Structures are given as structure tokens and as C-alpha cells.
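Residue numbers for the sequence shown, in this note's numbering: 97 to 351.
By construction, the Cβ of each residue, glycine as well, lies at the ideal position given by its N, Cα and C atoms.
None of the values given here were measured: they were computed from a predicted structure.
Each remark here refers to the structure printed beneath this line.
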Amino acid sequence: MGRVDGKVVIVTGAAQGLGEADARRLAAEGARVVMTDVDDARGQAVAQAIGADYLHQDVSDEAGWHTLMAHVMSRYGQLDVLVNNAGIAVIANIETTTTEQWRRTLAVHLDSTFWGCQLAVRAMKERGGSIINMSSVVALQGSSEYLAYAAAKGGIRSMTKAVAAHCRANGYPIRCNSIHPGSINTAMVHAALEHSAGIKLGEAEDQEALRLQLGLGEPLDIANMVLFLASDEAKHVNGAELVVDNGATSIFGMR
Ligand SMILES: NC(=O)c1ccc[n+]([C@@H]2O[C@H](COP(=O)([O-])OP(=O)(O)OC[C@H]3O[C@@H](n4cnc5c(N)ncnc54)[C@H](O)[C@@H]3O)[C@@H](O)[C@H]2O)c1
């Protein structure tokens, strides 16, 4: 038996990076996975490889959320897990962030998580389920070059607790938790490293030593936490912020 056998799971932003790793891990443990993304070529290729369902979805579009939920309910008749993962990282500080960048970042991260949580709660409140929101360690500490991103991730952290509180107060068997990854080896972090340190970090094997030196985690490190929260093993974990950063934010003096 898989750890999430038969559960119907949505993973947004699942064409690459953390979302892809989540989809692969959940499918390997028996979940029926619905992947969404705006990158249809990659998304469809991954879905085909793991036997998942794929739908085009721009998470910043409210109508698309309704289409997705209608598809899931008509095809599977239930939703057990939602992973609000899709994201973008605009590199700009308080002096350089434009209004357009601010609005786009909040739309992709915060509006999407709001719509996802709202529709998931409606779909899950009788049967129960698990909502997993991807925040970041930047929600817990200052980050000069990611102003809008930090604001969005902080909002996701607080929204998660508000959703958990609502479900508990109303007796809905729904858990809602946020995950706070440190730097993980994905395209998003490659772009950040190139911008901040001029480091070009590809996927090549010969870059492994550099990745270790930089203290990067692997997408599987996050997918393992997603799997745990999606499974019934996490039945007493609710409204929590799960930091997965190998101590980077909590161990004083750690580089
Ligand atoms: N990689 C890290 O170190 C790290 C750390 C903390 C938090 N996170 C968060 O984890 C999540 C995944 O990050 P990642 O590193 O895998 O990034 P990534 O850039 O590798 O992948 C992001 C995925 O989201 C998709 N996407 C972007 N905009 C979208 C939209 N509007 N609608 C639907 N899909 C969209 C992209 O096409 C891509 O497939 C993000 O929310 C990110 O903020 C990542």
C-alpha cells in the first residue's frame, strides 16, 4: 500500500522544480495526481511519465480555478489534497519594485492561494483533506532583493493559519499547513544565484560539488514533506509552518 493510496491530489506549478518532484513522489505512493501549469509541453511530458492527469492553468486567473475544480469533481468525485505550489520570483527591492511587478507577484502567489484554499475547503469540508501551501523561509526573515515575493510568502503563511483556524472552528476535518523551503536546487534558485553572485548553476552532474558547497537542498527534500502532510500520518499537524532548510534560518552563525 502506498502512503497516499487513492487520494486525489492537485499540484499546481507541477511542470518542473518542486511541483514536479511533489507530483512524482505522490504518484509513486499511490495518489491520483492532477498536475497544472502554464508550461504545457513540460507538464504533459511529466504527467505522461508518471500516469498523472495534466491541465493548463494560470493560477492567477480565478475562472481557471473553477474550471479545474469542476474537472476534478466530475472526473474523480472528490478532492483529498491541494498543493498550492506554483510561483514566480521577481528580483527587486523596496526601491526598485514596480507596481506591475508587485501586483503580478501577489496575483500568482497570494490570489491563487486564496482561490485554491477557498475552493478546496468547499470541496473537502464533508470528507476532509489536506491543503499544503508553499511559502518560503523569506516569510520568516528579511530579504532585500525579493520585496514582493517576501510579502506574498508572508501572506501565505498567515492565510494558512487562518484557513486552519476556520476549519477547526467549524469542525471540518481539513488540515492546512505551510512549507517553508530554504534554497533548493531548481530553476528559480539558479536565476537568483546568477543575479546575486554571478554563479551559473545548471543541472549537470559536475556541478554537484558546487551545489553542496552552497548548501542547496534537492526538490525531493521538499516532496518528502509534502508527502507526509498529504498522508494520514500528519493527522495531528494543522496550522503549522514546516521549515525545510537544513537549519539555515534557525542555527545562529550557520552559513
Ligand atoms: N526553489 C526554492 O529554493 C524555493 C524556496 C522557497 C520557496 N519556493 C517556492 O516553491 C514553489 C516552486 O518553486 P520552484 O523552485 O520549483 O520554481 P520553478 O521556477 O522551478 O517552477 C515553478 C513552476 O511554476 C509554474 N508557474 C509559474 N507561474 C505560474 C502560473 N501563473 N500559473 C501556473 N503555473 C505557474 C512554472 O511554469 C514552473 O513550472 C514556488 O512557490 C516558490 O516560490 C521555492
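In this structure, the CA atom of Asn180 is about 23 Å from the CA atom of Gly267. Taking C-alpha positions only, Asp207 is separated from Ser156 by approximately 6 Å.
Asp154 and His332 have their C-alpha atoms some 32 Å from each other.
In chain order, Ser231, Ala235, Ser274, Glu337 place their CB closer than 7 Å to the CB of Arg253, counting only its own chain and leaving out the 5 sequence neighbours on each side. It is roughly 21 Å from the alpha-carbon of Gly343 to the alpha-carbon of Tyr242.
Distance check between Met284 and each of Val168, His162, Gly183, Ala247 places Gly183 closest, using alpha-carbon atoms only.
DSSP places Ile146 in the helix class (H, G or I) of the three-state scheme. Residue burial is scored here from C-beta neighbours: Arg218 has fewer than 16 other C-beta atoms within 10 angstroms and is therefore classed as exposed. The beta carbon of Ser346 sits closer than 8 Å to those of Val339, all from its chain and outside the five residues before and after it, given in chain order. For Thr282, the distance from the CB to the nearest heavy atom of ligand 1 is below 7 Å.
About 15 Å separates the CB atoms of Glu304 and Ile280; that is not less than 8 Å, and the two are not in contact. Distance between Asp101 and Gln309, taken at the CA atoms: about 37 Å.
With a beta-carbon spacing of about 5 Å, Val104 and Arg128 fall inside the 8 Å limit used to define contacts. A distance criterion of 7 Å places the beta-carbon of Asp136 beyond contact range of ligand 1, judged by its closest non-hydrogen atom. For the pair of segments examined, the stretch 184–199 was found not to touch the stretch 132–143: the number of CB pairs separated by less than 8 Å stays below three. Under the three-state reduction of DSSP output, Asp118 falls in the helix class.
Pairing Gln237 with Ala248, the inter-Cα distance amounts to about 13 Å.
Note on the stretch 224–258: there is no whole alpha helix (DSSP H) run with a minimum of 4 residues. In the structure shown, Asp341 falls within a coil segment according to DSSP collapsed to helix, strand and coil. The distance from the Cβ of Val130 to that of Val168 is about 6 Å, consistent with a contact at the 8 Å cut-off.
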